[in-house]
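Asker: The numbers in the sequence shown follow full-length UniProt numbering, run straight up by one, and end at 810.
Here you go, one structure.
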Amino acid sequence: MLALIDADCLPLYAEEENEETEEKEAVDIIERFLRSTEKVTAVFASPYGPSGSVFRLQEDHAGQSCCPPGIPHCSTPCNALGLLDPALPAHALSLSLCGGQEEMLKMLFLESICSICRISKKNGLCESLAIFCRERNLAEEVKELLENEPMDQLRTAVRYQAMLAIAALSEMKAISEEEIIRLSHACFKAIFCLPPKEDLNICLYNQTMRAMEKMLQSLLVSHHTSNRDKLQNILEVLLLYTSSQTKTVRERAMEQISKLYCFCQEPFGKLLQPSQRTDIVLMALEKTTEDCAVEDSEWSEILLDMVLSQPSDWLMDAPVIVRFIHRHLKSNSTSIQETLFSVLEVLAYEFPRDVLMSVLIHLPQNDSTMDMWKNIIYCTQSSESILEELCTVLVEEEICGIPIEELDLLRLTVPQILESIHRNLRRRLASLQQTLFSLLDMLTSLFPRDVLMSVLIHLPQSDSTTLDMWKRMLAPTATSEKLLEALCSVLQDQLLCMIFNITAVDFSLLRLTVMCPTEEIRQELCNPDLFQMFLKIKSLPLLWLVLRGLVLLSERPETAREIRALLPDVMETLQFGNAHITLNALTIFRNVMNHLGKMEARPIALELAGKLLYLFNHVSGEVRESSILLFKDVIEAVVWWQKGKMKKKVRRGLLPLLFRNSDETSSVAQAAREALVACARFLKWQKLEHQAERRNVVGITECLLEQKRQMVAKNLRQSLLYLKDPQATIRQEALLFIGLAWSYWNPSEGKRKKIYSVLHSLEHDSRPLVRCQATQSENPDSEMFTAAEKIRMGQACRTVLLALQFPLSS
Numbered sequence: 001m002l003a004l005i006d007a008d009c010l011p012l013y014a015e016e017e018n019e020e021t022e023e024k025e026a027v028d029i030i031e032r033f034l035r036s037t038e039k040v041t042a043v044f045a046s047p048y049g050p051s052g053s054v055f056r057l058q059e060d061h062a063g064q065s066c067c068p069p070g071i072p073h074c075s076t077p078c079n080a081l082g083l084l085d086p087a088l089p090a091h092a093l094s095l096s097l098c099g100g101q102e103e104m105l106k107m108l109f110l111e112s113i114c115s116i117c118r119i120s121k122k123n124g125l126c127e128s129l130a131i132f133c134r135e136r137n138l139a140e141e142v143k144e145l146l147e148n149e150p151m152d153q154l155r156t157a158v159r160y161q162a163m164l165a166i167a168a169l170s171e172m173k174a175i176s177e178e179e180i181i182r183l184s185h186a187c188f189k190a191i192f193c194l195p196p197k198e199d200l201n202i203c204l205y206n207q208t209m210r211a212m213e214k215m216l217q218s219l220l221v222s223h224h225t226s227n228r229d230k231l232q233n234i235l236e237v238l239l240l241y242t243s244s245q246t247k248t249v250r251e252r253a254m255e256q257i258s259k260l261y262c263f264c265q266e267p268f269g270k271l272l273q274p275s276q277r278t279d280i281v282l283m284a285l286e287k288t289t290e291d292c293a294v295e296d297s298e299w300s301e302i303l304l305d306m307v308l309s310q311p312s313d314w315l316m317d318a319p320v321i322v323r324f325i326h327r328h329l330k331s332n333s334t335s336i337q338e339t340l341f342s343v344l345e346v347l348a349y350e351f352p353r354d355v356l357m358s359v360l361i362h363l364p365q366n367d368s369t370m371d372m373w374k375n376i377i378y379c380t381q382s383s384e385s386i387l388e389e390l391c392t393v394l395v396e397e398e399i400c401g402i403p404i405e406e407l408d409l410l411r412l413t414v415p416q417i418l419e420s421i422h423r424n425l426r427r428r429l430a431s432l433q434q435t436l437f438s439l440l441d442m443l444t445s446l447f448p449r450d451v452l453m454s455v456l457i458h459l460p461q462s463d464s465t466t467l468d469m470w471k472r473m474l475a476p477t478a479t480s481e482k483l484l485e486a487l488c489s490v491l492q493d494q495l496l497c498m499i500f501n502i503t504a505v506d507f508s509l510l511r512l513t514v515m516c517p518t519e520e521i522r523q524e525l526c527n528p529d530l531f532q533m534f535l536k537i538k539s540l541p542l543l544w545l546v547l548r549g550l551v552l553l554s555e556r557p558e559t560a561r562e563i564r565a566l567l568p569d570v571m572e573t574l575q576f577g578n579a580h581i582t583l584n585a586l587t588i589f590r591n592v593m594n595h596l597g598k599m600e601a602r603p604i605a606l607e608l609a610g611k612l613l614y615l616f617n618h619v620s621g622e623v624r625e626s627s628i629l630l631f632k633d634v635i636e637a638v639v640w641w642q643k644g645k646m647k648k649k650v651r652r653g654l655l656p657l658l659f660r661n662s663d664e665t666s667s668v669a670q671a672a673r674e675a676l677v678a679c680a681r682f683l684k685w686q687k688l689e690h691q692a693e694r695r696n697v698v699g700i701t702e703c704l705l706e707q708k709r710q711m712v713a714k715n716l717r718q719s720l721l722y723l724k725d726p727q728a729t730i731r732q733e734a735l736l737f738i739g740l741a742w743s744y745w746n747p748s749e750g751k752r753k754k755i756y757s758v759l760h761s762l763e764h765d766s767r768p769l770v771r772c773q774a775t776q777s778e779n780p781d782s783e784m785f786t787a788a789e790k791i792r793m794g795q796a797c798r799t800v801l802l803a804l805q806f807p808l809s810s
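Next comes the structure, spelled out in structure tokens:
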């Protein structure tokens with residue numbers, strides 16, 4: 001009946017008595033094992049068949065097994081087999097046996113080590129136990145057992161129990177630093193050198209591997225030395241097996257390294273030699289390119305994640321890794337290619353020069369190399385570094401020893417390189433732009449036709465960056481005879497002619513626009529019918545050539561007269577909003593009007609004036625200045641019956657011109673002052689003209705506010721847009737106008753809320769004066785302002801700030 005009582009229900013002294021008995025039995029087994037020269041107490045005939053079968057050892061009183069769970073066993077008491085000394089209590093141990101006596105003694109010995117360690121740890125006797133273990137050299141005994149295990153089979157749980165015993169000794173700090181390395185080597189050899197797991201008992205193998213993982217973790221966390229030193233010692237032993245001639249051994253070692261990394265979560269790349277790191281990277285990559293088990297795939301992914309998170313530590317030998325990627329890119333698996341390319345991208349970002357030289361020089365010029373090159377120049381992460389290095393390499397052609405003229409890879413991928421340059425230029429990084437343009441210059445010099453053709457075929461044609469590249473290539477200082485020949489060839493290309501539906505003969509006229517203008521060239525260029533067709537082209541690079549030609553023709557009265565009928569078509573080019581295109585179009589208008597009179601713009605004056613209004617706020621100062629000056633001329637060219645409509649457009653321009661009086665570009669500000677006077681004269685508004693001539697901003701503002709209430713409301717709404725202008729002076733003038741306008745206009749609550757929200761955003765403005773006007777309600781006379789500024793703010797500042805604080809619910 002007592003046997004059926006749960007141990008947890010026994011009195012404390014009974015439990016202690018059981019532990020004491022268990023400990024004595026374990027110590028006795030250890031002593032008997034150590035005294036035995038052959039480690040065998042008896043030889044007898046086993047009723048369970050030949051030796052070498054799997055057996056299981058159990059503790060009757062604890063219900064725990066010293067063998068892995070899941071291994072088949074029986075429950076014959078060990079004393080019934082006559083193995084143990086009759087003096088041992090009958091209840092101490094029972095074991096299941098399908099093998100020889102020596103294996104059973106080994107198991108008893110190893111389980112006894114685990115038992116005394118567990119009990120001593122519970123009772124706080126770790127130090128005395130460590131002395132006991134070291135005196136009896138138990139760690140060396142365990143190592144010897146592992147070394148004597150057969151390498152061609154796994155039929156017993158000795159390896160499993162040995163791992164548990166080492167873990168237990170480590171927790172008791174009963175293993176010296178030197179013994180850790182020797183034990184690790186013995187453990188790895190005993191397991192890594194086994195046959196493939198398909199030829200083993202899978203359950204026993206998996207449990208043994210888990211026991212080894214637990215043992216390694218115990219070694220790392222339970223010793224006196226730092227984790228880093230212990231980790232380095234264990235890694236050095238593991239790395240011996242990663243270079244084994246046997247694939248299975250290498251894979252098992254790599255798996256343990258990945259699991260160590262997961263456990264430590266500590267970057268250990270710097271603990272290894274560069275060649276060792278490269279071996280680990282290549283092993284992990286090799287696994288990704290093969291059909292492997294799920295667990296193999298998992299550890300390779302873990303290692304690759306580690307590598308990609310610490311690329312500077314792991315990807316140092318770039319040429320070797322690049323060659324590996326090149327060899328394995330032929331795989332039909334999309335996932336494998338994606339993995340390889342992800343490594344290549346990180347590699348190119350970290351070591352751009354090594355990767356560039358490997359791809360351009362050392363790899364065979366085939367499809368795989370082409371795919372790698374396209375990938376690294378297309379990838380956002382790596383392209384910037386690669387393009388910078390490519391520029392350096394091309395500059396240092398002789399130093400690098402690269403025969404550029406033989407590099408078909410560069411010529412064949414000009415479209416991809418230009419796309420990458422275009423993409424990086426659009427990022428507007430000032431530090432990179434000069435390098436990218438220098439690279440573009442060198443590519444143009446090396447492969448002029450390919451570069452010109454690629455810009456017109458492969459880059460977006462309505463994009464300003466494309467035009468910036470085109471202008472750079474065809475700049476007067478860069479237009480060589482070789483480049484002109486290439487441009488002529490491109491303009492006669494059948495593919496280009498088919499795309500734009502223009503014959504090669506007609507297209508060839510555009511080559512004259514980049515040549516030095518002689519009398520003969522001007523005469524040949526003067527073909528209005530062709531230019532009218534060219535103006536329909538939707539390609540900014542080609543349209544820039546067309547307008548460049550028209551600018552040349554507009555510079556002389558006789559040729560300007562020939563193209564005056566094209567002004568409506570020229571006006572349509574303003575829709576693109578590109579600064580270069582717009583400047584050329586405005587220049588053509590001004591040249592024609594200067595040579596032939598302002599009346600030449602009469603047919604389109606009204607429509608042109610409306611388009612020019614939108615250019616007053618253009619990001620380009622040149623466009624702002626030119627459009628304002630042209631607007632001044634155009635309003636005077638309108639026919640009498642359209643003056644009523646023109647007056648409406650002129651009134652729309654008054655507020656923008658007022659704000660542009662304070663433009664940070666002095667030439668724009670001067671043009672705005674002149675145009676404002678001209679507008680006042682056109683409107684026959686003497687008071688406004690007088691204030692504009694005096695440059696009295698407050699007086700001009702008051703004139704505008706004396707208009708009809710509807711016009712004041714429209715001006716007020718328009719001024720809100722200028723509070724977001726990039727120039728602080730413009731924002732300041734808009735805020736001043738709003739302050740003065742408030743006393744002339746009583747908005748509804750909804751409109752007041754909208755104005756409040758816009759003004760409230762200026763609390764964080766970069767300009768102190770603007771911030772003050774938006775946030776400080778009672779102190780416009782602060783010392784931070786000059787006397788002139790105080791006068792200008794005056795009532796406007798107070799009015800605005802009262803508006804900000806006005807109770808919206810009232």
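Positions of the beta carbon are idealized from the N, C-alpha and C atoms, including for glycine.
Source: prediction; values computed, not measured.
Report the start-end ranges of each alpha helix (DSSP H) in the region 592–626 that is 4 residues or longer and not cut off at the edges.
Answerer: Whole alpha helix (DSSP H) segments, 4+ residues: 605–613.
Asker: List, from N- to C-terminal side, the beta strand (DSSP E) runs of 3 residues or more that fit wholly inside the region 371–424.
Answerer: Restricting attention to beta strand (DSSP E) runs no shorter than 3 residues, the region 371–424 encloses none.
Asker: If we call anything under 8 Å between Cβ atoms a contact, is L467 one with L540?
Answerer: yes
Asker: For I202, count neighbouring Cβ atoms within 10 angstroms of its own Cβ and tell me buried if that reaches 16, exposed if not.
Answerer: exposed
Asker: Return the CA-CA distance between V455 and V758, expressed in angstroms with no decimal places.
Answerer: 43 Å
Asker: Roughly how many angstroms separate the alpha carbons of Q207 and Y160, rounded to a whole number?
Answerer: Each residue's CA atom was taken as its position, placing Q207 and Y160 some 7 Å apart.
Asker: Could you tell me whether the Cβ atoms of L510 and L542 are closer together than 8 Å?
Answerer: yes
Asker: With a CB to CB cut of under 6 Å and the five nearest residues on each side skipped, what residues in its chain are close to D279?
Answerer: T242
Asker: If we ignore side chains and look at the alpha-carbon of each, how far apart do K197 and I166 end up?
Answerer: 23 Å
Asker: How many angstroms separate the CA atom of F33 from the CA atom of E301?
Answerer: 45 Å
Asker: Could you give the DSSP three-state label for V142: helix, strand or coil?
Answerer: helix
Asker: Which term fits M151, buried or exposed, when burial requires 16 or more other beta carbons within 10 angstroms of its beta carbon?
Answerer: exposed
Asker: Would you call A565 buried or exposed, if buried means 16 or more other Cβ atoms sit within 10 Å of its Cβ?
Answerer: Result: exposed.
Asker: If you check the beta carbons only, do A284 and V249 fall under 8 Å apart?
Answerer: The criterion of a C-beta distance shorter than 8 Å is not satisfied by A284 and V249.
Asker: Pairing CB atoms from the region 369–388 with CB atoms from the region 346–358, are three or more of them under 8 Å?
Answerer: yes
Asker: Pull up the distance between the alpha-carbon of I336 and that of S342, whole angstroms please.
Answerer: 10 Å
Asker: Work out the CA separation of T701 and E664 for me, nearest whole Å.
Answerer: Roughly 19 Å separates the two Cα atoms.
Asker: Would Q101 be called buried (16 or more neighbouring beta carbons within 10 Å of its own) or exposed?
Answerer: Q101 should be labelled buried.
Asker: Whose C-beta lies closer than 6 Å to the C-beta of N18 among residues of the same chain, with five residues either side of it excluded?
Answerer: none
Asker: Go through its chain and collect everything with a Cβ distance to K647's Cβ below 7 Å, but skip five positions before and after it.
Answerer: These residues qualify, in order along the chain: L683.
Asker: Once the 5 residues before and after T465 are set aside, which same chain residues still bring their CB inside 7 Å of it?
Answerer: H422, L425 and R426.
Asker: Tell me the rounded alpha-carbon separation between L93 and E20.
Answerer: Note that L93 has pLDDT 33, beneath the 50 cutoff, so the model's placement of it is unreliable and the number below is only indicative. When rounded, the distance between both Cα atoms is 15 Å.
Asker: What residue does the alpha helix (DSSP H) around Y160 start on, and which one ends it?
Answerer: Note, Y160: alpha helix (DSSP H), V158 to E171.
Asker: Report the three-state DSSP secondary structure of V249 (helix, strand or coil).
Answerer: Assigned with DSSP and collapsed to three states, V249 falls in helix.
Asker: By DSSP, does E179 sit in helix, in strand, or in coil?
Answerer: E179 falls in the helix class under three-state DSSP.
Asker: Write down the C-beta distance between residue 873 and L535 rounded to the nearest angstrom, noting that I regard them as a contact closer than 8 Å.
Answerer: The structure shown does not extend to residue 873, since the chain is modelled only from 1 to 810, so the question has no answer here.
Asker: Beta-carbon separation of A579 and V623 under 8 Å?
Answerer: yes
Asker: For D529, report the span of its alpha helix (DSSP H) as first-last.
Answerer: P528 to F534
Asker: With S112 and A26 assumed to form a contact (beta carbons below 8 Å), what rounded beta-carbon distance in angstroms separates them?
Answerer: 4 Å
Asker: Start and end of the alpha helix (DSSP H) containing Q461?
Answerer: Where Q461 is concerned, there is no enclosing alpha helix (DSSP H), given that its DSSP letter is neither H nor E.
Asker: Leaving aside the five residues before and after I181 along the sequence, list all residues of the same chain whose C-beta is less than 7 Å from its C-beta, in chain order.
Answerer: Only N233 and V237 meet the Cβ criterion.
Asker: Taking 8 Å as the cut-off, decide whether the C-beta atoms of L567 and V546 are in contact.
Answerer: no
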